Amino acid sequence: MYASLEELCCEAEEKNCALWELVLRDDMQQRGVSRRESFEATKKLYLTMKKADEDYEKELLSHSGLVGGDGEKIAKARREGWLYCGDFIGHVMETAVKMGESNACMKKIVAAPTAGSCGVMPAVLLNLQREKGFTDDRMTEAMFVAAGIGGVIANRAFLAGASGGCQAEIGSASAMAAGAAAYLAGGDARKIATAAALALKSLLGLACDPVAGLVEVPCVKRNVIGSVNALTAADMAMAGISSRIPPDEVIDAMKSIGICMPTCLKETGTGGLAATPTGERIREEMD
Amino acid sequence: MNMLDIIGPAMVGPSSSHTAGAVRIGRIAKKLMAEKITEAKILLHGSFLATGKGHGTDRALVAGLLGMDVDDDRIRVSFEVAKQEGLSFSFGSIMLPDAHPNSVKLYLTGESGKKLEVVASSVGGGRILVNEIDGLTANFSGDYPTLIVHNQDQPGHVAEVTSMLSHKSVNIATMQLYRDGRGGKAVMVVECDQEVPEEGIRWLEHAEGVLKVTYLSLA
Ligand code: SF4
Numbered sequence: 001m002y003a004s005l006e007e008l009c010c011e012a013e014e015k016n017c018a019l020w021e022l023v024l025r026d027d028m029q030q031r032g033v034s035r036r037e038s039f040e041a042t043k044k045l046y047l048t049m050k051k052a053d054e055d056y057e058k059e060l061l062s063h064s065g066l067v068g069g070d071g072e073k074i075a076k077a078r079r080e081g082w083l084y085c086g087d088f089i090g091h092v093m094e095t096a097v098k099m100g101e102s103n104a105c106m107k108k109i110v111a112a113p114t115a116g117s118c119g120v121m122p123a124v125l126l127n128l129q130r131e132k133g134f135t136d137d138r139m140t141e142a143m144f145v146a147a148g149i150g151g152v153i154a155n156r157a158f159l160a161g162a163s164g165g166c167q168a169e170i171g172s173a174s175a176m177a178a179g180a181a182a183y184l185a186g187g188d189a190r191k192i193a194t195a196a197a198l199a200l201k202s203l204l205g206l207a208c209d210p211v212a213g214l215v216e217v218p219c220v221k222r223n224v225i226g227s228v229n230a231l232t233a234a235d236m237a238m239a240g241i242s243s244r245i246p247p248d249e250v251i252d253a254m255k256s257i258g259i260c261m262p263t264c265l266k267e268t269g270t271g272g273l274a275a276t277p278t279g280e281r282i283r284e285e286m287d
Numbered sequence: 001m002n003m004l005d006i007i008g009p010a011m012v013g014p015s016s017s018h019t020a021g022a023v024r025i026g027r028i029a030k031k032l033m034a035e036k037i038t039e040a041k042i043l044l045h046g047s048f049l050a051t052g053k054g055h056g057t058d059r060a061l062v063a064g065l066l067g068m069d070v071d072d073d074r075i076r077v078s079f080e081v082a083k084q085e086g087l088s089f090s091f092g093s094i095m096l097p098d099a100h101p102n103s104v105k106l107y108l109t110g111e112s113g114k115k116l117e118v119v120a121s122s123v124g125g126g127r128i129l130v131n132e133i134d135g136l137t138a139n140f141s142g143d144y145p146t147l148i149v150h151n152q153d154q155p156g157h158v159a160e161v162t163s164m165l166s167h168k169s170v171n172i173a174t175m176q177l178y179r180d181g182r183g184g185k186a187v188m189v190v191e192c193d194q195e196v197p198e199e200g201i202r203w204l205e206h207a208e209g210v211l212k213v214t215y216l217s218l219a
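Which chain is which? The protein sequence lines are A and B, in order. Just so we're aligned, residue 1 is where the first sequence starts under my numbering, counting upward by one. Just so we're aligned, residue 1 is where the second sequence starts under my numbering, counting upward by one.
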């Protein structure tokens, strides 16, 4: 995996090669697989995301009873046509919440990069495909783009709430999805890196404070901001807006913030929302 | 870490450490048993104990002991599947000194009466570490075919194992040695790049001074 987005961009420019292609070649080398195997494995993950979205069950509740059925509420509102966000973003919200709920209800999802943030990538990718009619192969290329960004974040910083707070999970998922969305809009490597940076910047500092230590509250709904933020970041990048702080430095900032974060905000379920009177009460009721 | 750790795995939620990692622990324990498990006593430690129920850690461990993988749709109903398949299980709590917060101790009995004790932890992102086998230290991830040999602490056993492996053209990836005291019980943990052939394992089992051979096959 690459150690910097700058390196990915330079290599893409020097070799006149798409960013996703570099990530695929790197995967072939790292895992010792053929081009076809690498592509098919990634495509399968994309199709699994699609299947997971279709398999949403609106009646299911999580073990704690805190989560379930909200995706259906957004779907209903979207169909009624009165959402401020309109039909497209309405769909994005719906997919994000549904996937987060499916995860909390022990259904199959694709961790991207983590289980808690599993709704962001599908919310962006599935809806862009539905809206714009991209082929599954094109979507698979976008998955490679996202994985390349995630790989750099894993190398330079972290992808787990326990290590760096929610900025490392929802923030990274958003950066990955933003890059993928920029690619689908025709963005080159620089635009992709910019989109990722703009997305991550907006979520820097986000704490990991799950109520009762469960991947439910606030995780499910945070998938919404992760996906919407990815789309606005991709739009900004494609409109020609740049990140004044270079993408790799943004990732480094995420790391330094994560290191400064107290343990109570790193998935221990002891700070932030988890430590509110209501959060505490929910935990006590669970015991 | 590789690309499929960044996006992926496809898994049953809600938590890569508390659910997917727990399935992997159970699954690797089942592979180490190399036969059907009929009885399991499952003792949860730390965060597995504190938030395990809400994360389905209990159902995930049982699913793994039944041989399910992290993306099996039956994980949610693994208790029912266990009933059908004749696996009886019980849960309890344990305080394991110096253990990772997400740890579990398993006491397993197989259909032939074979017994196995495993301590393992889920160390993040669905990755796991087996810490102990039958009370002796053994640190391995389960990512490689792994040979665990318990023997008397006396000269020659390491050479026996390594020459058997080289004879079978198996390359050693990592090797660790532990013992409970000089001349007491010792353990060798060998992670390999290839699968160790069945007859090599049988041969070791009959070698003098070898107390037990446990093998994790990924095939
Ligand atoms: S709050 Fe923590 S557990 Fe929930 S999604 Fe964010 S990082 Fe994951």
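Quick reminder that beta carbons are idealized off the backbone N, C-alpha and C, glycines included. Fair warning: this is a prediction, and the values are worked out from it, not measured in the lab.
Output yes if chain A places a C-beta closer than 8 angstroms to the C-beta of residue i; else output no.
i	result
B/H55	yes
B/P9	yes
B/I6	yes
B/G21	no
B/V81	no
B/S103	no
B/P145	no
B/G184	no
B/P14	yes
B/G67	no
B/M95	no
B/I75	yes
B/N2	yes
B/D98	no
B/D193	no
B/A50	yes
Which residue or residues does DSSP assign as beta-bridge partners of residue i?
i	result
A/A189	BP columns for A/A189 are empty, so no partner.
B/T146	B/E191 and B/L216
B/Q176	B/V189
B/F140	B/V130
B/Q152	B/K185
B/S169	DSSP lists no partner for B/S169.
B/Y107	B/K41 and B/E117
A/K291	Limits of chain A in this structure are 1 at one end and 287 at the other, which puts residue 291 of chain A out of reach.
A/F158	According to DSSP, which records beta bridges pairwise, A/F158 is partnered with nothing at all.
B/S90	B/K41
B/N102	B/G46
B/G124	B/R127
Indicate whether at least one CB of chain B lies closer than 8 angstroms to the CB of residue i.
i	result
A/A111	yes
A/R35	no
A/Q129	no
A/M286	yes
A/A197	no
A/D87	no
A/K107	yes
A/T48	yes
A/M1	yes
A/T95	no
A/T140	no
A/V215	yes
Pull up the CB-CB distance for residue i and residue j, whole angstroms please, since I reckon it's below 8 angstroms.
i	j	result
A/G148	A/V23	4 angstroms
B/Y215	B/I201	5 angstroms
A/L45	A/A196	Actually they do not touch by this definition, with Cβ atoms about 19 angstroms apart.
A/I282	A/V220	A/I282 to A/V220, Cβ: 14 angstroms. No contact.
A/A112	A/T95	About 13 angstroms separates the two Cβ atoms, so there is no contact after all.
Legend entry - Touch test, the region 77-87 of chain A against the region 140-154 of chain A, Cβ-Cβ under 8 angstroms, three pairs minimum: no
Inset, instruction - Check whether the region 11-30 of chain B touches the region 85-94 of chain B, taking contact to mean three or more Cβ pairs, one atom from each stretch, closer than 8 angstroms. - result: no
Inset, instruction - Count the CB pairs spanning the region 199-207 of chain A and the region 154-168 of chain A that are closer than 8 angstroms, and state whether there are at least three. - result: yes
Legend entry - Cβ contact (3+ pairs, closer than 8 angstroms) linking the region 115-122 of chain A and the region 171-183 of chain A: yes
Legend entry - Those runs of the beta strand (DSSP E) which lie wholly inside the region 32-78 of chain B and span at least 3 residues: 37-45
Inset, instruction - Spell out a yes or no on whether the region 176-183 of chain A and the region 29-41 of chain A are touching, meaning 3 or more CB-CB pairs, one atom from each, closer than 8 angstroms. - result: no
Inset, instruction - Tell me, please, whether the region 242-259 of chain A touches the region 97-110 of chain A by the rule of three or more beta-carbon pairs shorter than 8 angstroms. - result: no
Inset, instruction - Scan the region 111-132 of chain B for residues whose Cβ lies nearer than 7 angstroms to a Cβ of chain E and list them as they occur along the chain. - result: Absent here is chain E; the protein component of the structure consists of chains A and B.
Inset, instruction - Indicate whether the contact test is met: 3 or more Cβ pairs, each with one atom in the region 187-202 of chain A and one in the region 235-243 of chain A, closer than 8 angstroms. - result: yes
Legend entry - Segments assigned alpha helix (DSSP H), at least 4 residues, entirely inside the region 94-166 of chain A: 120-132, 136-156 and 161-164
Inset, instruction - Go through the region 43-90 of chain A residue by residue and report every complete run of the alpha helix (DSSP H) that reaches 4 residues or more, in order. - result: 70-80
Inset, instruction - Count the CB pairs spanning the region 166-180 of chain B and the region 108-124 of chain B that are closer than 8 angstroms, and state whether there are at least three. - result: no
Legend entry - Touch test, the region 186-206 of chain B against the region 150-159 of chain B, Cβ-Cβ under 8 angstroms, three pairs minimum: yes
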